[in-house]
Structure formats: C-alpha cells, structure tokens
Amino acid sequence: MPLTLERPDGVDAAIAALLSAPDAVPIAGGTDLLLDLEAGRVRSEHLVSLAGLPWARVERTGEGWSIGSTAPLRRVERSEGLAADHPGFVEAVRSVGSAALRHRATLGGNLGRASPASDLLPILLALDADVTLVGPAGPRRAKLDELLRGSRDLALGRGELIEGVALPPRAPSAYAWQRVRPANDISQVGVAIARPPGADRWAVALGGVLPRPCRVPAAEEALTAPTPSEEEVRRAARIASTAARFASDRRATAEYRRRLVDVLLRRALARASGGARP
Amino acid sequence: MSADPGPLEVNGRPVERASIPDDERLLDTLRWRLGLKGTKEGCRSGDCGACTVLLAGETVLSCLALTRDLPALPVTTIEGIEEDPVAIAVREAFTAEAALQCGYCTPGFVVATVGLLKELGPDVGVDRLREELAGNLCRCTGYAAIDRAIRRLARGGP
Ligand SMILES: Cc1cc2nc3c(=O)[nH]c(=O)nc-3n(C[C@H](O)[C@H](O)[C@H](O)COP(=O)(O)OP(=O)(O)OC[C@H]3O[C@@H](n4cnc5c(N)ncnc54)[C@H](O)[C@@H]3O)c2cc1C
Ligand code: FES
Ligand code: FES
C-alpha cells in the first residue's frame, strides 16, 4: 500500500490535513486502523497522525472528568482518582486488549471505530457521556447516543475529530464482560450499569449487540431500587436479553449471548450496588 | 512522505527516520532494517505479544506501530536490556525455571515482564502480574514454567 503519513502539530493543521485529501483518515494508536487498512475494510492512502495534538490528558474539571481522545488507555486507567469516581469505566478500559496494546490504543480510536463489540461504548452510554468534537466549523458537543448511528458508523462531519469525552463527577458503576480469552479478545457480551447521583434508576447498556451498543430503557424501569431485589434483577435481565439483537458469529451464538446478559447483569449489579454476588 | 520526524533512539543508538517509508511498522524496522531479530513476529495483529518492545520503558506491540509515527523516545528491544538490573532478575528467573521450550515467545515475555515490573513497581502481586501478562501467548503452551518464573519475580503477595 502506498501510504503517506502526515504529522500535524496542532488541531487546525490536523483538520486542514484531513480536508486536503478525500480519503484522509486520522490515526491515533493505530491498533484498529492498521489492521482495517491491511484487510481492506478501510481504504486510504493518507493517514493524519493525531500524535502531535494536545488531547492526551485526563483531568478533573468543574463539571466532572474530561478524558482526552488521544490519551493512551493505559494512562486513562492509571489516572489518580478516576477508578474511585468511575469504577465501571476503569473496569471497561482495563478489559481492552492487553497492557501493551493499551499503551498505544486510545479512547478516540475506540469511539472512532464504533464497533458493535466495543468494550468502552456500553459504559459511556450508561454514563450518558458527552463527546466533544472539533471540526472545520469549530467545536461542538454531542451525546454519544446521538453520534452512534450504527455499526462502525459515528456521525462525524468531514474533517471533524473527537477531542474527548466528558463524564459526570462520579457515579457508582460496573462493567461485566465475558470472552473466550481474557486478554486480546473482544467481549462476546458486555453489560454496563451506572447510577449518577440523583438518578432514579440504574442505567443499563449492552455491548456485543447489533447494530451497535445500546441502552435498554425497559430493563432500567425494573431497576429503580438502589439495591434491586432478586425478582427485579430477574425481570430486568429477561427484558434486556430479549430487547436487543444479538449477533451469532465465531465468538458465540445469539442464544449464548442472551444467556450471558442475565449472569453479567447480576455480577455488575452485585459489584456496583453492594448486593450479593451470584 | 511527510516531514522528517527526527531520529528514533533504538537501544541507545540514533536511527534516522528520514528515509523510512511512512507505512513501515516498527517490527519491520527492527528486524529487517536494523537486523535486531530478537523481536519476533507471531501474529502481526496484536494478539500474541511476541513483538513486544519498550517505548520510553513502556511495553508496546511493535507490529501495530508505524515507525515514523512514534514520538522521539527511546526504544528498547530484547537486545538492549542486557545491563538492566530488573532485566537481569527476569532473565535469571526464566533461566532458573527453564521457562522456555522453542523460545519463540521468550523475548516478548521477557521484555513484557521487565516493562511491567518497572511500570507497576517491585511490590506488584503475583495475580496482578499474571493478569497484566495475559496478552503474551506461548504457542508451545509452556505456561507452567513461565508462571513459576513470574512467581519468583512478583513479591508483595497476591
Ligand atoms: C489484539 C487486539 C485486541 C483488542 N481488544 C479490544 C477489546 O478488548 N475491547 C475493545 O473495545 N477493543 C479492542 N481492540 C480494538 C482497539 O484496540 C480499540 O478499539 C482501541 O481503543 C482503538 O484505539 P486506537 O487509538 O488504536 O485507534 P486507531 O486504530 O488509531 O483508530 C481507529 C479508528 O478511529 C478513528 N479515530 C481515531 N482517533 C480519532 C479521533 N480523535 N477522532 C476521530 N476519529 C478518530 C480512526 O480514523 C480509525 O478509523 C483490540 C484490538 C486488537 C488489535
Ligand atoms: S506479532 Fe505483534 S502481537 Fe503478535
Ligand atoms: S516457548 Fe515456544 S512459543 Fe513459547
């Protein structure tokens, strides 16, 4: 592949570089993109490196946490105080690939790929995260749920980049997943739950479902109690396992995935709400 | 080809990047351009850890990094960690336990163990170190001996 790599040293230069060729794509850690290019899933001869952009930071802000899109996931998971405020988010980050992968892989890349099997999208949906973006028309802010159009389909404008993700100050949360192999394999199903202060129910989101990770409002209605009863959890799990479309592929059958939802939801609730572990 | 990103330092030696193609992966630069064959190619897709090297002391998969996209930080391969005390301890533990069969995965395991021990500190527990090493595969399935070597290295309890 005849491929060129542009290394802009600022946001404006990166946007200009993306606009300069019709097939230009950003590259962050490259852990998805290099494989997608090799397999022909993405066609581009113009890569624009995000390595020079000032977005590799993780910080507490007045409104909560701001996670920069180009911060390596390893830096995110080891950020002081983040695991105490967002245990489920850090569990999800730590589930991605391996330590060596996470030293390069980024949150922006995970969002940018928008895989139905992503381990980060469910917890971000459960936390109702905002995504901050910058493009030729300037910055904007959008709900992740609105940006996520479908499988590998994030509603970004031409030349637009993900700058970061904004999380609330803190929220009891958990992310439970199941895979064939614990490292370097994506989850068959992931179940994320979160309850930001003031919320009247647990938010529930699923990964490993088609066409993209999603919230399950009908299941959430059964989970208003801070520590839901056995009957409430069973009802929520039943609703969640029938509400979404599960994939059948080489990692698992749809039937197995449906059954996983029940056990993973229980585990997540037990961890986040202090209930008994099944 | 874009502007010259400056030299990359590999095992203490500056490597000019001006003439390296934009699409070359660090693994290929190391093995084919610099002749550092200790770093292995197992899968070329991030799955096996055989290609693990250190970038500024942190483990990275050299098969998934473009050489010209890396920041100008020191790269250390299995050939470059000889003198390091943590590396010596790791080598001794792997030798004492005969933690290798064909040896193909060994450079990756050794480099990953060195990087993780430095990153997480000497008090990292056995369970944590094992979990963090789960991205490295041994196709000979010689895990029992590797596990014993890891147990020698991880103090500080589970
Ligand atoms: C062995 C292996 C194991 C993996 N395991 C997991 C796993 O367990 N769970 C999981 O969820 N994923 C997993 N992944 C997928 C991948 O590593 C993650 O999705 C990672 O977060 C991608 O980040 P990156 O920086 O490498 O993205 P890149 O490959 O650099 O980019 C991915 C896509 O996003 C776009 N992009 C990148 N940054 C931005 C930005 N700031 N703005 C707009 N678009 C952007 C790129 O153009 C590209 O289309 C795995 C991958 C491998 C190879
Ligand atoms: S060769 Fe890089 S992870 Fe297997
Ligand atoms: S010793 Fe042969 S691959 Fe591990």
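Heads up: the sequence lines are chains Y and C, in that order.
With the numbering used here as the guide, the letters of the first sequence map in order to residues 1 to 278.
With the numbering used here as the guide, the letters of the second sequence map in order to residues 1001 to 1158.
Glycine included, every Cβ here is placed at the ideal spot set by N, Cα and C.
> If you compare alpha carbons, which of C:Val1114, C:Gly1142, C:Arg1148 and C:Leu1137 is closest to Gly1057 (chain C)?
Replying inline: Counting from one through the second sequence, the residue named residue 1057 (chain C) turns up at place 57. Nearest C-alpha to Gly1057 (chain C): C:Val1114.
>> Please tell me whether, using a cut-off of 7 angstroms, the distance from the CB of Gly1115 (chain C) to the nearest non-hydrogen atom of ligand 2 is below it.
In response: Along the second sequence, read from residue 1 onward, the residue named residue 1115 (chain C) stands at position 115. Checking the Cβ of Gly1115 (chain C) against ligand 2 gives no.
> Within this structure, are the beta carbons of Arg57 (chain Y) and Gly68 (chain Y) separated by less than 8 angstroms?
Replying inline: Along the first sequence, one-based indexing puts residue 57 (chain Y) at 57. Along the first sequence, one-based indexing puts residue 68 (chain Y) at 68. Contact: yes.
> Counting Cβ pairs closer than 8 angstroms, one from the region 165-181 of chain Y and one from the region 122-142 of chain Y, do we hit at least three?
Replying inline: yes
> Apart from the five residues on each side of it in sequence, which residues of its chain come closer than 7 angstroms, Cβ to Cβ, to Ala1098 (chain C)?
Replying inline: Taking the first residue of the second sequence as position 1, residue 1098 (chain C) is located at position 98. Ala1145.
>> Considering only heavy atoms of ligand 3, does any lie closer than 7 angstroms to the CB of Leu286 (chain Y)?
In response: Past the boundaries of the shown model lies residue 286 (chain Y); chain Y is included only from 1 to 278, so the question cannot be answered.
> Whose C-alpha, out of Y:Leu156, Y:Val216, Y:Leu5 and Y:Gln178, is nearest the C-alpha of Arg113 (chain Y)?
Replying inline: Taking the first residue of the first sequence as position 1, residue 113 (chain Y) is located at position 113. Among Y:Leu156, Y:Val216, Y:Leu5 and Y:Gln178, the Cα nearest to that of Arg113 (chain Y) belongs to Y:Leu156.
> Using a C-beta to C-beta distance shorter than 7 angstroms, which residues of chain Y count as neighbours of Pro1007 (chain C)?
Replying inline: Counting from one through the second sequence, the residue named residue 1007 (chain C) turns up at place 7. Per Cβ cutoff of 7 angstroms: no residues; Pro1007 (chain C) is ~15 angstroms from chain Y at best.
>> Taking only three categories from DSSP, how would you classify Tyr999 (chain C)?
In response: Here chain C comprises residues numbered 1001 to 1158, so residue 999 (chain C) is not present and cannot be evaluated.
>> Taking DSSP's pairing of strands, which residues face Asp153 (chain Y) in a bridge?
In response: On the first sequence, residue 153 (chain Y) is found 153 positions in, with the first residue counted as 1. Y:Gly150, per the DSSP bridge assignment.
> To the nearest whole angstrom, what separates the beta carbons of Thr1039 (chain C) and Ser1062 (chain C), a pair I think is in contact under 8 angstroms?
Replying inline: Here the question's residue 1039 (chain C) lines up with position 39 in the second sequence. Here the question's residue 1062 (chain C) lines up with position 62 in the second sequence. With 8 angstroms as the limit, Thr1039 (chain C) and Ser1062 (chain C) qualify as a contact, their Cβ atoms being about 6 angstroms apart.
>> So, with DSSP's three-state summary, where would you put Gly88 (chain Y)?
In response: Counting from one through the first sequence, the residue named residue 88 (chain Y) turns up at place 88. In this structure, Gly88 (chain Y) counts as helix in the three-state DSSP scheme.
>> Please give me, in chain order, every unbroken run of the beta strand (DSSP E) with length at least 3 that falls completely inside the region 1041-1097 of chain C.
In response: 1052-1055, 1058-1061 and 1074-1076
>> Tell me the residue span of the alpha helix (DSSP H) that contains Ile350 (chain Y).
In response: Because chain Y is modelled from 1 through 278, residue 350 (chain Y) falls outside the range shown and cannot be assessed.
> Taking 7 angstroms as the cut-off, does the CB of Cys1048 (chain C) come closer than this to any heavy atom belonging to ligand 2?
Replying inline: Here residue 1048 (chain C) refers to the residue found at position 48 of the second sequence. Indeed, a heavy atom of ligand 2 lies less than 7 angstroms from the Cβ.
>> Which residues does DSSP list as the beta-bridge partners of Ala193 (chain Y)?
In response: Sequence index remark: in the first sequence, residue 193 (chain Y) carries index 193 (1-based). It should be noted that the sequence gives Ile, not Ala, for residue 193 (chain Y). Paired residue(s): Y:Ala174 and Y:Val204.
>> Taking 7 angstroms as the cut-off, is the C-beta of Glu1041 (chain C) nearer than that to any heavy atom in ligand 2?
In response: Against the second sequence, residue 1041 (chain C) aligns to sequence position 41. True, at least one ligand heavy atom lies under 7 angstroms from that Cβ.
> Cβ of Leu1100 (chain C) within 7 angstroms of any heavy atom in ligand 3?
Replying inline: Within the second sequence, the letter at position 100 stands for residue 1100 (chain C). Within the cutoff, so yes.
>> Relative to the C-alpha of Phe89 (chain Y), which candidate in Y:Ser66, Y:Ala100, Y:His103 and Y:Asp23 has its C-alpha closest?
In response: Start at 1 with the first residue of the first sequence, and residue 89 (chain Y) comes out as number 89. Among Y:Ser66, Y:Ala100, Y:His103 and Y:Asp23, the Cα nearest to that of Phe89 (chain Y) belongs to Y:Ser66.
>> Below 8 angstroms on the Cβ atoms is my contact criterion, and I expect Arg251 (chain Y) with Val191 (chain Y) to pass it. Report the Cβ-Cβ distance as a whole number of Å.
In response: Along the first sequence, read from residue 1 onward, the residue named residue 251 (chain Y) stands at position 251. Along the first sequence, read from residue 1 onward, the residue named residue 191 (chain Y) stands at position 191. So it is not a contact: roughly 16 angstroms between Cβ atoms.
> Is any beta-carbon of chain C found at less than 8 angstroms from that of Ser66 (chain Y)?
Replying inline: Working through the first sequence from its first residue, we reach residue 66 (chain Y) at position 66. No, because no Cβ of chain C sits closer than 8 angstroms to the Cβ of Ser66 (chain Y).
> Since Ala51 (chain Y) meets chain C, which of its residues come closer than 7 angstroms, beta carbon to beta carbon?
Replying inline: Here the question's residue 51 (chain Y) lines up with position 51 in the first sequence. Result: Asp1069 and Pro1071.
> By DSSP, does Thr224 (chain Y) sit in helix, in strand, or in coil?
Replying inline: Taking the first residue of the first sequence as 1, we reach residue 224 (chain Y) at position 224. Residue state, collapsed to three classes: coil.
> What does Ala166 (chain Y) pair with, by DSSP beta-bridge criteria?
Replying inline: For the purposes of this step, residue 166 (chain Y) is taken as residue 166 along the first sequence, with counting starting at 1. According to DSSP, Ala166 (chain Y) bridges with Y:Ser66 and Y:Asp130.
> Pro139 (chain Y) by DSSP, collapsed to three states: which one?
Replying inline: As a first step, residue 139 (chain Y) must be located in the first sequence, where it is residue number 139. Three-state result, Pro139 (chain Y): strand.
> Which residues in the same chain as Arg1013 (chain C) place their Cβ atom closer than 8 angstroms to its Cβ, once the five residues preceding and following it in sequence are excluded?
Replying inline: Here residue 1013 (chain C) corresponds to residue number 13 of the second sequence, with the count starting at 1. Here the set comprises nothing.
> At which residue ranges does the region 1097-1121 of chain C contain complete alpha helix (DSSP H) runs of 4 or more residues, listed in the order of the chain?
Replying inline: 1106-1120
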